[in-house]
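Under the working numbering, read the sequence shown as residues 102 to 490, first letter to last.
Here a beta-carbon is modelled for each residue, glycine too, at the ideal position from N, C-alpha and C.
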Amino acid sequence: MKTILFFTDLHAGCHQVELAGVREQAKLHNWRIIEVEYGRTDHPAEEFIDHWQPDGVIVECSYLRMPVEYEAYASVPVVFIDPNLRLFKDQSRVFSVCVHSEQYAQIAADELSKLNPACYGYVGWCGRADWSRLRYHAFRDQLAQIEPDKKLYCFENTWFRYDIVSFQKELIAWLKSLPKPCGIFAANDETAEQIIISCLHAGIKCPDTISVLGVDNDVFRCESCTPSISSIGADYFGAGRMAIELLAKQFDNPDAPGETLYYRPTETVCRGSTLLLHTNDYHIRHALERIMRDACKGLTPKDVLQEIPYSRRLAEQRFRNITGTSIGERILEVRFQEVLRLLRSTTCPITLIATSCGWNSDSFLKRYFKKRTGLSMREWRQRELHLKP
Numbered sequence: 102m103k104t105i106l107f108f109t110d111l112h113a114g115c116h117q118v119e120l121a122g123v124r125e126q127a128k129l130h131n132w133r134i135i136e137v138e139y140g141r142t143d144h145p146a147e148e149f150i151d152h153w154q155p156d157g158v159i160v161e162c163s164y165l166r167m168p169v170e171y172e173a174y175a176s177v178p179v180v181f182i183d184p185n186l187r188l189f190k191d192q193s194r195v196f197s198v199c200v201h202s203e204q205y206a207q208i209a210a211d212e213l214s215k216l217n218p219a220c221y222g223y224v225g226w227c228g229r230a231d232w233s234r235l236r237y238h239a240f241r242d243q244l245a246q247i248e249p250d251k252k253l254y255c256f257e258n259t260w261f262r263y264d265i266v267s268f269q270k271e272l273i274a275w276l277k278s279l280p281k282p283c284g285i286f287a288a289n290d291e292t293a294e295q296i297i298i299s300c301l302h303a304g305i306k307c308p309d310t311i312s313v314l315g316v317d318n319d320v321f322r323c324e325s326c327t328p329s330i331s332s333i334g335a336d337y338f339g340a341g342r343m344a345i346e347l348l349a350k351q352f353d354n355p356d357a358p359g360e361t362l363y364y365r366p367t368e369t370v371c372r373g374s375t376l377l378l379h380t381n382d383y384h385i386r387h388a389l390e391r392i393m394r395d396a397c398k399g400l401t402p403k404d405v406l407q408e409i410p411y412s413r414r415l416a417e418q419r420f421r422n423i424t425g426t427s428i429g430e431r432i433l434e435v436r437f438q439e440v441l442r443l444l445r446s447t448t449c450p451i452t453l454i455a456t457s458c459g460w461n462s463d464s465f466l467k468r469y470f471k472k473r474t475g476l477s478m479r480e481w482r483q484r485e486l487h488l489k490p
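Printed below as a string of structure tokens:
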């Protein structure tokens with residue numbers, strides 16, 4: 102049985118998903134995975150390698166505080182996840198798994214441009230991480246194509262978690278200086294949360310004057326924030342599996358040239374931070390947030406109406422005037438979009454999708470789906486799989 106060391110900083114939720122992908126794929130090879138939380142030790146990588154004598158190493162670079170040097174791991178086959186490739190003198194030797202920055206930037210530009218902001222903003226991750234820099238450049242290039250007349254502002258200051266107060270002060274000053282309304286692309290959901298907290302502290306209305314889109318779709322973080330955070334999902338599980346397969350290639354052929362694989366975005370979940378409504382009706386906003394959060398958990402129009410302090414008729418009328426749909430129609434739409442996501446990006450059995458998305462009746466979902474798309478759920482899934490690159 103081969104032993105693989107996985108160097109990471111597991112405080113980040115996305116890295117736990119990556120580790121799950123690593124372990125899942127490693128099972129197929131009958132390999133043992135040992136995680137090393139490198140962010141909590143001052144020991145050099147060579148010491149861990151000498152102790153464990155692994156057959157291979159995976160290094161998650163995106164959150165590690167120290168520079169990642171190829172030579173530290175060169176004694177064994179190694180795969181780097183999201184490295185700063187500029188640090189490697191000879192990239193032809195490097196096996197890596199990297200985020201597809203251009204695709205995330207394209208989605209962000211498309212989503213934020215729907216809000217027709219006066220300008221755009223980007224707030225990067227702390228410590229000027231390389232993946233964050235690439236995400237900014239890709240976002241800038243995408244906006245230059247679709248919104249060439251609108252300016253992009255970037256929060257340039259380097260910030261650190263251990264000095265969050267200073268960061269908040271600088272971020273608030275930057276947010277106040279922006280032309281409004283502004284659509285901001287945040288490097289990840291944690292950064293997006295800091296932007297929303299800063300807006301609240303500074304009395305800046307979000308999403309009315311500042312709209313925020315994050316990355317990772319960290320559901321707990323996104324849905325516990327007020328307003329909830331719209332976010333682009335990332336295939337971290339797939340990234341972990343890719344890393345294992347690149348190790349397998351090196352085991353099969355020690356002389357194989359370096360290779361880079363790219364993990365891509367998954368679903369984009371629109372929540373309150375990009376829910377731009379021309380209304381000051383807090384109760385309708387809250388109802389929409391509740392629907393987006395709980396529609397797939399069996400939420401009914403009655404549940405929503407109970408939280409709106411108007412008569413049933415007035416609540417329904419105000420909801421339709423503001424959103425263009427009834428409460429029941431909005432609940433169905435959120436459920437339907439989740440059905441599409443599950444069909445497109447998972448292998449969840451069709452018979453289980455109805456209950457997963459809040460439908461009590463499997464037969465009702467199938468009829469509704471056929472009416473909406475003209476296809477059965479199975480036919481639609483097969484078509485989508487065929488269309489995937």
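Subject >> Selected residue, minimal CA-CA separation from Cys326, among Arg394, Tyr237 and His201 >> reply: Taking the sequence shown and counting its residues from 1, one reaches residue 326 at position 225. Selected option, being the one with the closest Cα: Arg394.
Original post:
Can you tell me where the alpha helix (DSSP H) with Gly429 in it begins and where it stops?
Top reply: The count along the sequence shown starts at 1 and reaches residue 429 at position 328. Ile428 to Ser446 is the extent of the alpha helix (DSSP H) around Gly429.
Original post:
At which residues does the alpha helix (DSSP H) containing Gly339 begin and terminate?
Top reply: Here the question's residue 339 lines up with position 238 in the sequence shown. Looking at the DSSP string, the run of the alpha helix (DSSP H) that includes Gly339 is Tyr337 to Asp353.
Original post:
By DSSP, does Val200 sit in helix, in strand, or in coil?
Top reply: Locating residue 200 in the sequence shown gives position 99, where the first residue counts as 1. Val200 falls in the strand class under three-state DSSP.
Original post:
Does the Cβ of Ala239 have 16 or more other Cβ atoms within 10 Å, making it buried, or fewer, making it exposed?
Top reply: Within the sequence shown, the letter at position 138 stands for residue 239. By the neighbour-count definition (other C-beta atoms within 10 Å, threshold 16), Ala239 is a buried residue.
Original post:
Is the beta carbon of Pro355 sitting closer than 8 Å to the one on Ser193?
Top reply: Residue mapping note: residue 355 aligns to position 254 of the sequence shown, counting from 1. Residue mapping note: residue 193 aligns to position 92 of the sequence shown, counting from 1. No; because the gap between Cβ atoms is not below 8 Å, this pair is not in contact.
Original post:
DSSP three-state call for Ile150: helix, strand or coil?
Top reply: As a first step, residue 150 must be located in the sequence shown, where it is residue number 49. Helix at Ile150.
Original post:
Exposed or buried, what is Ala175 when buried is set at 16 or more other beta-carbons lying within 10 Å of its beta-carbon?
Top reply: For the purposes of this step, residue 175 is taken as the residue at position 74 of the sequence shown. Flag for Ala175 reads exposed.
Subject >> Euclidean distance between Cα positions of Lys398 and Cys458 >> reply: As a position in the sequence shown, residue 398 is number 297, starting the count at 1. As a position in the sequence shown, residue 458 is number 357, starting the count at 1. Lys398 and Cys458: Cα-Cα distance of roughly 7 Å.
Subject >> Range covered by the alpha helix (DSSP H) that runs through Cys300 >> reply: Here residue 300 refers to the residue found at position 199 of the sequence shown. Unbroken alpha helix (DSSP H) run through Cys300: Asp290 to Ala303.
**OP:** Figure out for me which residue from Thr142, Ala146, Met478 and Pro155 has the closest Cα to the Cα of Phe352.
**Re:** Here residue 352 is taken as the residue at index 251 of the sequence shown, counted from 1. Nearest option by C-alpha distance: Pro155.
Subject >> Ile273 - DSSP class collapsed to helix/strand/coil >> reply: Position 172 of the sequence shown, counted from the start, is the residue given in the question as residue 273. Helix at Ile273.
Original post:
Residues in its own chain within less than 7 Å of Ile385 by CB, not counting five upstream and five downstream?
Top reply: Translated into positions along the sequence shown, residue 385 becomes position 284. Same-chain partners within the cutoff: Arg419, Phe420 and Ile423.
Original post:
To which residues of the same chain is Gln126 closer than 6 Å at the C-beta, ignoring the five residues directly before and after it?
Top reply: Sequence index remark: in the sequence shown, residue 126 carries index 25 (1-based). Cβ neighbours of Gln126 beyond the five flanking positions: Arg342 and Ile345.
Original post:
Is it true that the region 201-216 meets the region 321-341, where meeting means three or more beta-carbon pairs spaced less than 8 Å apart?
Top reply: Verdict: yes, contact present.
Subject >> Unbroken stretches of the alpha helix (DSSP H), 4 residues or longer, contained in the region 222-280 >> reply: Taking only runs of at least 4 residues, the alpha helix (DSSP H) segments lying wholly in the region 222-280 are 231-247 and 265-278.
Original post:
For the candidate residues Cys255, Ile135 and Gly425, whose alpha-carbon lies nearest to that of Pro280?
Top reply: By 1-based counting over the sequence shown, the position of residue 280 is 179. The residue with the shortest Cα to Cα distance from Pro280 is Cys255.
Subject >> Strand pairing of Thr109, partner residues [DSSP] >> reply: The residue labelled residue 109 in the question sits at position 8 within the sequence shown. Beta-bridge pairing links Thr109 to Glu138.
Original post:
Starting from Ile330 and walking both ways along the beta strand (DSSP E), at which residues does that stretch end?
Top reply: Counting from one through the sequence shown, the residue named residue 330 turns up at place 229. Taken as a continuous stretch (DSSP letters only), Ile330 belongs to no beta strand (DSSP E), as it is neither H nor E.
Original post:
From Thr448 to Asp250, what does the alpha carbon distance come to, in whole angstroms?
Top reply: Counting from one through the sequence shown, the residue named residue 448 turns up at place 347. Counting from one through the sequence shown, the residue named residue 250 turns up at place 149. The alpha-carbon atoms of Thr448 and Asp250 are separated by roughly 43 Å.
Original post:
Using a Cβ-Cβ cut-off of 6 Å (strictly less than) and excluding sequence neighbours within five positions of Phe268, which residues of its own chain qualify?
Top reply: Within the sequence shown, numbered from 1, the residue matching residue 268 stands at position 167. In its chain, beyond the 5 residues on either side, Trp260 have a beta carbon closer than 6 Å to the beta carbon of Phe268.
Original post:
If you run the structure through DSSP and keep just helix, strand and coil, what is Val180?
Top reply: As a working mapping, residue 180 is identified with position 79 in the sequence shown. Note: Val180 maps to strand in three-state DSSP.
Original post:
What is the DSSP secondary structure of Thr310, counted as helix, strand or coil?
Top reply: Position 209 of the sequence shown, counting from 1, holds the residue named residue 310. Three-state DSSP puts Thr310 in coil, outside helix and strand.
**OP:** Work out the CA separation of Ser278 and Thr456 for me, nearest whole Å.
**Re:** In the sequence shown, the residue the question calls residue 456 occupies position 355. In the sequence shown, the residue the question calls residue 278 occupies position 177. Thr456 and Ser278: Cα-Cα distance of roughly 47 Å.
**OP:** Give me whichever residues DSSP pairs with Arg133 in a beta bridge.
**Re:** The residue given as residue 133 occupies position 32 in the sequence shown. DSSP lists Thr104 as partners of Arg133.
**OP:** Could you tell me the distance, in whole angstroms, from the CA atom of Cys199 to the CA atom of Arg234?
**Re:** Indexing the sequence shown from 1 puts residue 199 at position 98. Indexing the sequence shown from 1 puts residue 234 at position 133. Whole-angstrom Cα-Cα distance: 13 Å.
Original post:
Can you name the residues that DSSP bridges to Phe286?
Top reply: Residue numbering aside, residue 286 sits at position 185 when the sequence shown is read from its first letter. Partner(s): Tyr223 and Leu314.
Subject >> Same chain only: Cβ atoms within 8 Å of Met102, ignoring 5 sequence neighbours per side >> reply: Walking along the sequence shown from the start, residue 102 turns up at place 1. Only Asn131, Trp132 and Arg133 meet the Cβ criterion.
**OP:** On a CA-only basis, which of Ser329, Glu138 and Tyr237 is nearest Trp226? Give me that one, please.
**Re:** Taking the first residue of the sequence shown as 1, we reach residue 226 at position 125. Ranking the options by Cα distance to Trp226, first place goes to Tyr237.
Subject >> Nearest-angstrom Cα separation, counted from Lys350 out to Ala293 >> reply: As a position in the sequence shown, residue 293 is number 192, starting the count at 1. As a position in the sequence shown, residue 350 is number 249, starting the count at 1. CA-to-CA, the gap between Ala293 and Lys350 works out to about 37 Å.
**OP:** To the nearest angstrom, report how far apart Thr426 and Glu417 are at their CA atoms.
**Re:** What you label residue 426 is simply residue 325 of the sequence shown in a count that begins at 1. What you label residue 417 is simply residue 316 of the sequence shown in a count that begins at 1. Each residue's Cα considered, the two are about 9 Å apart.
Subject >> Glu324, DSSP secondary structure in three states >> reply: Translated into the one-based positions of the sequence shown, residue 324 becomes position 223. Helix.
**OP:** For Glu248, collect the residues of the same chain with a Cβ closer than 8 Å to its Cβ; drop the 5 residues on either side in sequence, then sort them by chain order.
**Re:** By one-based count along the sequence shown, residue 248 stands at place 147. Contacts found: Ala210, Ser214 and Tyr221.
**OP:** Measure from the alpha carbon of Gln295 to the alpha carbon of each residue in His152, Leu314, Pro282 and Asp309, then state which is nearest.
**Re:** Against the sequence shown, residue 295 aligns to sequence position 194. Ranking His152, Leu314, Pro282 and Asp309 by CA distance to the CA of Gln295 puts Leu314 first.
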